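The structure appears below as structure tokens.
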Amino acid sequence: MDKIRGVVLSGGGAKGAYQVGVLTYMASAGFRGFHIYSGTSVGAINSYWLAHFPIEEFLRGVVELENLWLDKLRSNRSVYRYCFPKYLYGACHPHLVTVKSLERLIKGVANEGKVRESGIKLLLTAVDILTGELTVFDEHTPDIFDAVMASASMPGAMPLWECEGRLYTDGGVRDIAPLSHCIKAGAEQIVTIHTDCETAYKYPPKNMLEMLNRVIDFMTREILVNDLAKLDKINTEVTAGKKRLKRHIEMDVISPSENLGDSMDFDPKLTKWRMELGRKDAREYFKGAR
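Going by the working numbering, the first residue of the sequence shown is number 253, and it counts up by one from there.
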């Protein structure tokens, strides 16, 4: 019997193109797909799209996701537009951009019925802005679209999003790569695709938004490191027979070998480069794992 496979897709805004590249390589190399998609921020958007397709249609789902990024995300304005006056708007509002373009894009391709009927387990995280509570939405959430938008609401840049009567911001604030939820859902083999690396940035922040994104990158990097360390400890104890009620989790973690740049930059050339780097890193990772 096949082991239950899950994929964890982290946040990262425009850097989510890297995840598409990794998945494109895996699909073309004959990987059989995932039973569980656990995502936050842009990882929630990618997960939501892939959850439209049953596991046996993994290749088709990845190809269509790649086409979506290449055909629909032609510039920053395909996702967001700055409020006027730029940056000063944030002095009296909790956001700097509007996301009508992203809203129209997701609504234009979404079919919540297909997601619920695909047999895929979908897990999306967002943070309640009033309580700080991390909320996990799934494929049975009454309005999955709002859950996706809530998870993808990048703090400080994008507006808060209401879902089921509560206001949310980006799930990456508390859980950059929602690993534990994937494990709780029953995953026995997990691939985590991160969008951050420890390679130094090439330039200092040029504005307030870049500074905010840079700080979030540094903070959330530690969350992922700590999560993976806990999992490694549990696996070690399971192997030694000390954790009889837990199971050993097979884990693959793929991170970019180069810095992916500004998470708010959806330049098409940069998108293609990020995808190609994802394919390259995945190819080298799985070649070395054999």
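A virtual CB, placed ideally from N, CA and C, is assigned to each residue, including glycine. As the structure is a prediction and not an experimental result, all values here were calculated from the model.
Taking C-beta to C-beta, are ILE501 and ILE445 nearer than 8 Å?
-> no
Express the C-alpha separation of PRO337 and ASP484 in angstroms, rounding to a whole number.
-> 48 Å
Can you tell me whether DSSP reads ARG542 as helix, strand or coil?
-> Any reading at ARG542 is ruled out, since the residue's pLDDT is 47, under 50, leaving its predicted position unreliable.
Classify THR377 as helix, strand or coil using the three-state DSSP reduction.
-> strand
Can you find at least 3 beta carbon pairs, one from the stretch 375 to 384 and one from the stretch 414 to 428, that sit closer than 8 Å?
-> yes
Quick one: what's MET503 bridged to in DSSP?
-> ILE442
Where the beta strand (DSSP E) containing GLU385 begins and where it ends = Segment: none, GLU385 is in no beta strand (DSSP E) and carries neither H nor E.
Nonlocal neighbours in the same chain, by C-beta distance under 6 Å from VAL505, ignoring five residues either side | THR444
What do you reckon, are the CB atoms on GLY295 and GLY263 nearer than 8 Å?
-> yes
In chain order, what residues of the same chain have a beta carbon less than 7 Å from the beta carbon of ALA303, not counting five sequence neighbours either side?
-> TYR289, VAL367, SER370, ILE372, LEU374, GLU391
When the Cα of VAL260 is compared with those of GLU510, SER299, ARG535, ASP517, which residue comes out closest?
-> SER299
Work out the CA separation of LEU522 and ALA402 for me, nearest whole Å.
-> 26 Å
Short check: CB of ALA413 to CB of ASP395, under 8 Å?
-> The question names Ala, but residue 413 is Trp in the sequence shown. Cβ distance not < 8 Å, so TRP413 and ASP395 don't count as in contact.
What's the gap between the Cα of LEU529 and the Cα of GLU364?
-> 31 Å
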